[in-house]
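K.L.:
Let me begin by handing over the structure; questions about it come next.
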Amino acid sequence: MRVLGPVEVLLDGEPIAVRGNQPLAVLAILAAARGRPVATDRLIDHLWGDTAPAGAAAVLQSHVSRLRRALEPRRPPRGAAQLLVREAAGYALRLPPGSLDADRFEQALRAADGLPPAGALDRLRAALELWRGRPYEQFADDEWAAAEIARLTELHHTARERTADALLRLERTDEAIPAARALTGEDPLRGEPWRLLALALWAASRSGEALSVLGEHRRIVADELGLDPDPALAALEQAIREQRAEVLETALRPGPATVRPAQLPRPQPAFAGRSDERRRLDRHTPALVVVTGTGGVGKTTLAVRWAHQAAARYPDGQLHVDLRGYGPEDAAADPGDVLAAFLGALGVPDQRIPPSTPERTALFRSVLAARRMLLLLDNARDADQVRPLLPGNPDCAVVVTSRSHLIDLIVTDGAYPMRLDAFRPAESVAYLRRRLGDEVVDADPRARDAIVERCGGLPLALALVCARGAFPLAEIDAELAYADGLDGFAVPGVKHDLRAVFSWSYRRLVPLAARMFRLAALHPGPDLSVAAAAALAGTEPPVARMLLRRLTDAHLIAEHRPGRFLQHDLVRAYAKETAGRVDPAQERDAAVTRLLDFYLHSSRNAAQAQTPYRRPVMVGPPPPGISAVHFADMRAATAWLDDEYENINALLELGRAEKVPLFVWTLATYQQDIRFHLADSLALAAQAQRLVDDPWWAGYLHYILGRGLLRMNRPEQARAELEKAIAIGREMDDPGRVAHGLLSVAVSIVSAHDVPTRAQAEAAYPYAVEARANYLRMGDEQGAVEVANALHPIAWYHAHQPDGRPEARRLFAESIAINERWRNAYGAAGGWTQLARFHQHTGDLTAAVAAFQRAIELYGEVADLRIEPLIGLYECHRDAGDREAATRTRDEVVRLLKTARYPDLARLSEILDL
Numbered sequence: 000m001r002v003l004g005p006v007e008v009l010l011d012g013e014p015i016a017v018r019g020n021q022p023l024a025v026l027a028i029l030a031a032a033r034g035r036p037v038a039t040d041r042l043i044d045h046l047w048g049d050t051a052p053a054g055a056a057a058v059l060q061s062h063v064s065r066l067r068r069a070l071e072p073r074r075p076p077r078g079a080a081q082l083l084v085r086e087a088a089g090y091a092l093r094l095p096p097g098s099l100d101a102d103r104f105e106q107a108l109r110a111a112d113g114l115p116p117a118g119a120l121d122r123l124r125a126a127l128e129l130w131r132g133r134p135y136e137q138f139a140d141d142e143w144a145a146a147e148i149a150r151l152t153e154l155h156h157t158a159r160e161r162t163a164d165a166l167l168r169l170e171r172t173d174e175a176i177p178a179a180r181a182l183t184g185e186d187p188l189r190g191e192p193w194r195l196l197a198l199a200l201w202a203a204s205r206s207g208e209a210l211s212v213l214g215e216h217r218r219i220v221a222d223e224l225g226l227d228p229d230p231a232l233a234a235l236e237q238a239i240r241e242q243r244a245e246v247l248e249t250a251l252r253p254g255p256a257t258v259r260p261a262q263l264p265r266p267q268p269a270f271a272g273r274s275d276e277r278r279r280l281d282r283h284t285p286a287l288v289v290v291t292g293t294g295g296v297g298k299t300t301l302a303v304r305w306a307h308q309a310a311a312r313y314p315d316g317q318l319h320v321d322l323r324g325y326g327p328e329d330a331a332a333d334p335g336d337v338l339a340a341f342l343g344a345l346g347v348p349d350q351r352i353p354p355s356t357p358e359r360t361a362l363f364r365s366v367l368a369a370r371r372m373l374l375l376l377d378n379a380r381d382a383d384q385v386r387p388l389l390p391g392n393p394d395c396a397v398v399v400t401s402r403s404h405l406i407d408l409i410v411t412d413g414a415y416p417m418r419l420d421a422f423r424p425a426e427s428v429a430y431l432r433r434r435l436g437d438e439v440v441d442a443d444p445r446a447r448d449a450i451v452e453r454c455g456g457l458p459l460a461l462a463l464v465c466a467r468g469a470f471p472l473a474e475i476d477a478e479l480a481y482a483d484g485l486d487g488f489a490v491p492g493v494k495h496d497l498r499a500v501f502s503w504s505y506r507r508l509v510p511l512a513a514r515m516f517r518l519a520a521l522h523p524g525p526d527l528s529v530a531a532a533a534a535l536a537g538t539e540p541p542v543a544r545m546l547l548r549r550l551t552d553a554h555l556i557a558e559h560r561p562g563r564f565l566q567h568d569l570v571r572a573y574a575k576e577t578a579g580r581v582d583p584a585q586e587r588d589a590a591v592t593r594l595l596d597f598y599l600h601s602s603r604n605a606a607q608a609q610t611p612y613r614r615p616v617m618v619g620p621p622p623p624g625i626s627a628v629h630f631a632d633m634r635a636a637t638a639w640l641d642d643e644y645e646n647i648n649a650l651l652e653l654g655r656a657e658k659v660p661l662f663v664w665t666l667a668t669y670q671q672d673i674r675f676h677l678a679d680s681l682a683l684a685a686q687a688q689r690l691v692d693d694p695w696w697a698g699y700l701h702y703i704l705g706r707g708l709l710r711m712n713r714p715e716q717a718r719a720e721l722e723k724a725i726a727i728g729r730e731m732d733d734p735g736r737v738a739h740g741l742l743s744v745a746v747s748i749v750s751a752h753d754v755p756t757r758a759q760a761e762a763a764y765p766y767a768v769e770a771r772a773n774y775l776r777m778g779d780e781q782g783a784v785e786v787a788n789a790l791h792p793i794a795w796y797h798a799h800q801p802d803g804r805p806e807a808r809r810l811f812a813e814s815i816a817i818n819e820r821w822r823n824a825y826g827a828a829g830g831w832t833q834l835a836r837f838h839q840h841t842g843d844l845t846a847a848v849a850a851f852q853r854a855i856e857l858y859g860e861v862a863d864l865r866i867e868p869l870i871g872l873y874e875c876h877r878d879a880g881d882r883e884a885a886t887r888t889r890d891e892v893v894r895l896l897k898t899a900r901y902p903d904l905a906r907l908s909e910i911l912d913l
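Just so it is clear: in the sequence shown, position 473 is 472 by numbering that gives the first Met the number 0, and no numbers are missing.
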């Protein structure tokens, strides 16, 4: 079989007619796999891509049958195939030794190692005679052939360089000069052909031309890469200038040349950003560095770019291999095969390479023992694949890239981990400018910034955008906005787009982890906790944690905080597409229902921890299999809601109407009393009003609307809603509903924040008295605790009556005592705040300061709700003339305002002179 040119098959010296391009492609794909099996789905993808017909597997089987008959015409009708065999859910090509011209070429190349120049020249020319053109010529534009073509082409260059070197050592400069010059024209960035050409010219007494050649190479490398030439070329240039004959004599001395591999791939010319990461690589090498990140984040691009810049520090050369841990081929590179290739590149003759991987590792480490080399091990699958390739010499730098964290290398081998994240927005813009030019990118800043946001800092996504550089950015942005999922990033002619790259990681997952990956994308919020993931998957939290760890290790999900995970937007789009293709709609709906139940019952538990005396109405116990979160105290409940609030809101936007009223109840305290998400509270209650016809819920929702409007300092609108709640409560003879409404009306009159006037206190008094009576009628814990709040407007009434201050003080103290008796620290803090306001009113600033400080302590225990008493403390210090204490307290209020939503910022601005 011939692949070093057009693909051909000969049997007994005569060409075999393989009819059709696809059967020949199957044979070529298997030949390129070099004996490794290729999975059936990979073959189908290589042959048809996204246009595979429904019966593709049957068509492939037909191709294989036809090929078997052509390759083995004398095989009995039912005899087992010997050449094209079924293996590992795919097919493999088992050609007899020496049947493939590419194998014979490589064998001849290795046979030249260690021979004198004349013998080496004979072997090298025999190897080069096998070449008939570009390898796999009919399939040169097919993606599957790219890696093998690149590998064989590199070996072809090496063989020609070694041929020129042998001619030079044989003092046949008239042949060496044109041979080397041809190589410089084909790949101007390779240093070795320029070295050989300069040496040949020098040996031919043409020193001026030799210096001109080296100067031309210096200009090319500077223009293309922004780099200086290889130090060895700079040293040669200096030796020619100084006419140091011993350097030329050494270079021309007969014998095998010292092999200095330079295997690094060509760097990307439009490289942008990553300056911090390159400095970290500089800082931690020579050493073992593991660069990890999600597919498409630019790990290989960074590593290759850095390796070119660092190559001068490793004068004995660079080795590079794609370990194929993640890619279109299912079979990862075998460490033993990689070692054989490395040893060959280092000049070890084929006959000296031992058969076993451990023996090859030992020889490899011996060869590198006295060398300073750079190894780039790209696209590793796991630590076991990498470990045999590690040199023992600490002067050798090793950079490994992988989508896996390779934790075992970090723990056992002391590797330095370097996670590569997506570009920051400024880096994304710089990338676009390098690829498309400043004029194009900056012509439409709005479209540019929108594209940057859609790409999420993923270099592969940006590269796919740049592939459409002929279009204005506004048109590209419009197409990305219109396209569904990842469709906007599918560029004709590019097979390794986002879907393909993400699929390489997805295919490596075990089934349970793959299911978790798909279901996690159904979570609409910004991040995902372990408990929420367990609900989505319908499993226990320990199992969910294990599965999330697997996804994290594959960089398909990121743990941005301990126990909290998020997906890149484009990875999530791929996961949702995959879920829609793999998981039935009923199963996806069930997962979202489980998630809603998890959040509902966890927020119900949080509400009970915040106000344990409230009646847990209408929610009931969680369904079987839902592990709701429980909370030890109000602080823990509030912290959980802080983490999950955006997730709950996003989930409620999915339109599961039956859950909305229940969430109004579970979130009311958090939204209206603790974090002041008042607009959200009003919107949720208004939505619930349109969904219920039950009188109890109607009254409750009017109360929530009125209470929220009251918090927003819209008392007239609040009063209208509260009156409706009271009317429904009276009609239903519900003392709790009546009491809540009446007390809220009273608060709307006296204000929750300031000392009420006499007129306000007297107007609110009857509402508060009736509210207190209704709370006592309830006869349960909630009524007993709520009585404490009803005492505040009553106390303010007495505070404005002649000789009523002692009674007012007693009522405030009674409110505090009730809350302390029921261990309601939040209510007690509110009581101390009201008592402090009373002391302000009476002019006892010392008592007011002490009461405000006690309120601050209690609020600090349950949640960070200290703004209201801190404002009062500021006023006391200000009125007492303690400017330093007033400033300190004011600064604390301003600090808290940066993290809290307060309902009356206008009032604060006036009080604090903000």
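No residue lacks a Cβ here, since even glycine has one placed at the ideal position from N, Cα and C.
Computed from a predicted model, the values in this text were never measured in an experiment.
1) Report all residues from its chain with a CB closer than 6 Å to the CB of Gly295; omit the five preceding and five following residues, and keep chain order.
2) Buried or exposed for Asn20, please, with buried defined as at least 16 other CB atoms from any protein chain shown within 10 angstroms of its CB.
3) Going by C-alpha distance, which of Arg279, Asp692, Val451 and Glu160 is nearest Arg124?
4) Apart from the five residues on each side of it in sequence, which residues of its chain come closer than 7 Å, Cβ to Cβ, to Pro285?
5) With distance defined between alpha-carbon atoms, name the residue in Asp779, Leu594, Ala772 and Tyr825 nearest to Leu790.
6) Among the candidates Ala783, Thr841 and Asp802, whose CA atom is the shortest distance from the CA of Glu813?
7) Would you report the Cα separation of Leu742 and Lys723, rounded to the nearest angstrom?
8) Contact check, Val618 vs Arg603 under 8 Å by CB: the rounded distance?
9) Report the residue from Ala449, Thr249, Ala144 and Pro523 whose alpha carbon sits nearest the alpha carbon of Ala480.
10) Roughly how many angstroms lie between the CA atoms of Leu59 and Arg109, to the nearest whole one?
11) Give me, in chain order, the residues of the same chain whose beta-carbon lies closer than 7 Å to that of Ala256; leave out the 5 immediate sequence neighbours on both sides.
12) The alpha helix (DSSP H) spanning Tyr915 covers which residue range?
13) Might you give, ordered along the chain, the residues of its own chain that have their beta carbon closer than 6 Å to the beta carbon of Tyr612, omitting 5 neighbours on each side?
14) Once DSSP output is grouped into helix, strand and coil, what is the label at Ala80?
15) How many Å lie between Pro76 and Ala145 at the Cα?
16) With a Cβ-Cβ cutoff of 8 Å, do Phe837 and Cys875 count as a contact?
17) Could you give the distance in angstroms between the alpha-carbon of His840 and the alpha-carbon of Ile815?
18) Quick one, which of Ala203, Trp193, Arg189 and Ser750 has its alpha-carbon nearest Asp173's?
19) Write down every uninterrupted run of the alpha helix (DSSP H) in the segment 754–787 whose length is 4 residues or greater and which is fully enclosed by it, in chain order.
20) Mind listing, in chain order, the continuous beta strand (DSSP E) runs of no fewer than 3 residues lying wholly within the segment 285–335?
21) Say whether the segment 426–443 touches the segment 405–412, bearing in mind that this needs 3 or more beta-carbon pairs closer than 8 Å, one atom from each stretch.
22) First and last residue of the alpha helix (DSSP H) that includes Ser427?
23) Do three or more CB pairs link the segment 486–494 to the segment 591–600 at distances below 8 Å?
24) Can you tell me which of Trp143, Ala879 and Ala798 puts its alpha carbon nearest to the alpha carbon of Ile28?
25) Could you tell me the boundaries of the beta strand (DSSP E) in which Arg563 lies?
26) Please go through the same chain and pick out, in chain order, the residues whose beta-carbon is closer than 6 Å to the beta-carbon of Leu916, but skip the five residues on each side of it.
27) Out of curiosity, what's the CA-to-CA distance linking Thr665 and Ala414?
28) Give me the Cα-Cα distance between Gly297 and Ser427, rounded to the nearest whole angstrom.
29) What is the residue span of the beta strand (DSSP E) that Glu652 lies within?
30) Out of Gly316, Glu170, Leu198 and Asp802, which has the shortest C-alpha to C-alpha gap to Asp229?
31) Where DSSP assigns a beta bridge to Asp407, which residues make up the other side?
32) Report all residues from its chain with a CB closer than 6 Å to the CB of Ala763; omit the five preceding and five following residues, and keep chain order.
33) Check Met417 in the structure and name its three-state DSSP category.
34) For Lys897, count the other beta carbons within 10 Å of its own beta carbon; 16 or more makes it buried, fewer makes it exposed. Which is it?
35) What residue from Val288, Arg180, Leu251 and Leu375 has the CA that sits closest to His307's CA?
36) Let's see if you can read the secondary structure: which residues bound the alpha helix (DSSP H) around Asp377?
P.N.:
The short version:
1) Leu457, Leu459 and Val500
2) exposed
3) Glu160
4) Pro393, Asp394, Cys395 and Ala396
5) Ala772
6) Ala783
7) 14 Å
8) 5 Å
9) Ala449
10) 36 Å
11) The pLDDT assigned to Ala256 is 48, lower than 50, so where the model puts this residue is not dependable; a value taken from the coordinates is nonetheless given after this. Once the five neighbours on either side are set aside, the close Cβ partners of Ala256 are Asp164.
12) The question about residue 915 has no answer here: the residues shown for the chain are numbered 0 through 913.
13) Glu780, Gln781 and Val784
14) coil
15) 36 Å
16) no
17) 19 Å
18) Ala203
19) 757–777
20) 287–291 and 317–321
21) no
22) Pro424 to Leu435
23) no
24) Trp143
25) Arg563 to Leu565
26) The structure shown does not extend to residue 916, since the chain spans only 0 to 913, so no value can be given for it.
27) 48 Å
28) 12 Å
29) Segment: none, Glu652 is in no beta strand (DSSP E) and carries neither H nor E.
30) Gly316
31) Partner(s): none; Asp407 has no beta bridge.
32) Ala745, Ile748, Val749 and Pro792
33) strand
34) exposed
35) Leu375
36) Run containing Asp377: none in the alpha helix (DSSP H); it sits in the beta strand (DSSP E), Leu373 to Ala379.
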